[in-house]
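Residue numbers for the sequence shown follow our numbering, beginning at 126 and rising by one.
We put the CB at the ideal spot given by N, CA and C, even for glycine.
Inspection log for the structure reproduced underneath, given as structure tokens.
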Amino acid sequence: MTNGPALCPHAFDLPGGPTGALLIHGLTGSPPEMRPLGDYLAAHGVSVSAPLLPGHGTCPEDLEHTSWEDWYQHVEASYEERAAGHESVFVVGFSLGALLAVHLAARHRVAGVAALSPGLQVRDWKVPFVRYLKAVIRFVPKDLDPNHSDLADKSAFALFWQYPCWPTESVHQLVRLQQVVRGELRQIMAPAFVAYSTGDTSIHPQSGPTLFRELASADKVELVLHKSGHGILVDAEKATLFDALLGWITAHAWPGRRG
Numbered sequence: 126m127t128n129g130p131a132l133c134p135h136a137f138d139l140p141g142g143p144t145g146a147l148l149i150h151g152l153t154g155s156p157p158e159m160r161p162l163g164d165y166l167a168a169h170g171v172s173v174s175a176p177l178l179p180g181h182g183t184c185p186e187d188l189e190h191t192s193w194e195d196w197y198q199h200v201e202a203s204y205e206e207r208a209a210g211h212e213s214v215f216v217v218g219f220s221l222g223a224l225l226a227v228h229l230a231a232r233h234r235v236a237g238v239a240a241l242s243p244g245l246q247v248r249d250w251k252v253p254f255v256r257y258l259k260a261v262i263r264f265v266p267k268d269l270d271p272n273h274s275d276l277a278d279k280s281a282f283a284l285f286w287q288y289p290c291w292p293t294e295s296v297h298q299l300v301r302l303q304q305v306v307r308g309e310l311r312q313i314m315a316p317a318f319v320a321y322s323t324g325d326t327s328i329h330p331q332s333g334p335t336l337f338r339e340l341a342s343a344d345k346v347e348l349v350l351h352k353s354g355h356g357i358l359v360d361a362e363k364a365t366l367f368d369a370l371l372g373w374i375t376a377h378a379w380p381g382r383r384g
């Protein structure tokens, strides 16, 4: 179930300084997709934690028996553990993880929330009807041919550990979470960082712009990439993304206070 055979779909923690970052992976994915960013942040003094969401890292059948509430509860517990030992904690999510990060920011005083390729709305027209489709279709196979990926750097496809299919029940949970997060964007006052690519063929072209526009935060940054696919954490412009994200974290860290 991996693209890269050497990858292990495990949670990871990387030591650093008093500033922490919680990295949340995407739907059917796993922490390895967050590892390049985690290594970069840790090398620059940021403590990193990347949890494995419930139902992930095993088999698709496990995932279809979890809800978005299960995923969020695990993220919240991971955040509280990290906040207990750090002056400030930033929540950084990719795709589904971006929605979980925003949901967390609506309930906790995070130092900042970063939404990367946020899955607020996807391109596939069938997704809004998945609540009906799931009654007759349990799993939808993925196309795992790197040449069919939207990544500019096709070799980066090997950095993902993911399931070979989409459980339709899990996609329905994503839709439920999208609806919740849409109603919370006006509540988010924490500093925000939103990054997405115009070359992303997974999420709707307005997903990133809408999330950025609707966030109530008066302190928000938008980074628009043009030479990457959905997986901006591993694609051709990752250096630009990492530099911008680190600069944002450094500028907003809370010195001498608990997050």
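Q: Keeping to the same chain, check which residues put their C-beta closer than 6 angstroms to that of Asp344; ignore five residues upstream and five downstream.
A: Pro316
Q: Kindly list the residues whose CB is nearer than 7 angstroms to the CB of His377, restricted to its own chain and excluding five residues on each side of it in sequence; keep chain order.
A: Ala236, Gly237, Pro316
Q: For the beta strand (DSSP E) containing Leu147, list its first residue and its last residue.
A: 144-149
(Q) Applying the 10 Å Cβ sphere with the 16-neighbour rule, what's the burial state of Gly384? (A) Reliability of the predicted coordinates at Gly384 is poor, the pLDDT of 37 falling under 50, and no value is obtained from them.
(Q) For the segment 304-316 against the segment 248-260, do three or more pairs of beta-carbon atoms, one drawn from each stretch, fall closer than 8 angstroms, so that the two count as touching? (A) no
**Q.** Proximity of Gln303 and Leu245 at Cβ, strictly below 8 angstroms
**A.** yes
Q. So which of Gln331, Leu178, Val171, His199 has the shortest CA-CA distance to Gly210?
A. Val171
Q) Excluding the five sequence neighbours on either side, which residues of its own chain have a C-beta within less than 7 angstroms of the C-beta of Ser353, listed in chain order? A) Ala277, Ser322, Gly324, Asp360, Ala361, Glu362
Q.
Quick test of your reading: His150 and Phe215, contact by CB under 8 angstroms. State the CB separation rounded to the nearest angstrom.
A. Actually they are not in contact, since the Cβ atoms of His150 and Phe215 sit about 16 angstroms apart, beyond 8 angstroms.
Q: My understanding is that Arg263 touches Pro292, with C-beta atoms under 8 angstroms, so please give their C-beta distance in whole angstroms.
A: 7 angstroms
Q: Round the Cβ separation of Pro157 and Leu132 to the nearest angstrom and send it over; I've been treating them as touching at under 8 angstroms.
A: 5 angstroms
Q) So which of Leu241, Ala175, Val217, His169 has the shortest CA-CA distance to Ala230? A) Val217
Q: Can you tell me which of the three DSSP states Phe282 falls into?
A: helix
Q: Give the range of the alpha helix (DSSP H) segment to which Ser203 is assigned.
A: 193-208
(Q) Let's see if you can read the secondary structure: which residues bound the beta strand (DSSP E) around Lys363? (A) Counting along the chain, Lys363 falls outside any beta strand (DSSP E), though it belongs to the alpha helix (DSSP H) covering 363-377.
Q) Taking DSSP as the reference, what is the three-state secondary structure of Ala226? A) helix
Q.
Is Ala236 a contact residue of the ligand GDP, with contact defined as CB to any heavy atom under 7 angstroms?
A. Absence of the ligand GDP is noted for the structure shown, with no ligands found whatsoever.
Q.
Suppose you measure from the CA of Val227 to the CA of Gly372; what does that come to, to the nearest Å?
A. 20 angstroms
(Q) Please report the straight-line C-alpha distance between Arg301 and Gly356, rounded to a whole angstrom. (A) 23 angstroms
(Q) For Pro292, list the residues DSSP reports as bridge partners. (A) Phe264
Q) Mind checking Val296: buried by the 16 CB within 10 Å criterion, or exposed? A) buried
(Q) Here's the rule I'm using: 16 or more other beta-carbon atoms within 10 Å means buried, otherwise exposed. How should Gly142 be labelled? (A) exposed
**Q.** Other residues of its chain near Val349: CB distance less than 7 angstroms, five sequence neighbours each side excluded
**A.** Tyr321, Thr323
Q: Could you tell me the distance, in whole angstroms, from the CA atom of Arg382 to the CA atom of Leu148?
A: Interpretation of Arg382 is limited by its pLDDT of 46, a score under 50 that renders its predicted location unreliable; no figure is taken from the coordinates.
(Q) For Thr335, which residues in the same chain have their Cβ closer than 8 angstroms to its Cβ, ignoring the five residues on either side in sequence? (A) Leu245, Gln246
(Q) Here's a check: name, in chain order, each residue in its chain whose Cβ is nearer than 6 angstroms to the Cβ of Phe337, leaving out the five neighbours to either side. (A) Val319, Glu347
Q: Could you tell me which residues DSSP puts in a beta bridge with Phe337?
A: Paired residue(s): none; Phe337 is not in a bridge.
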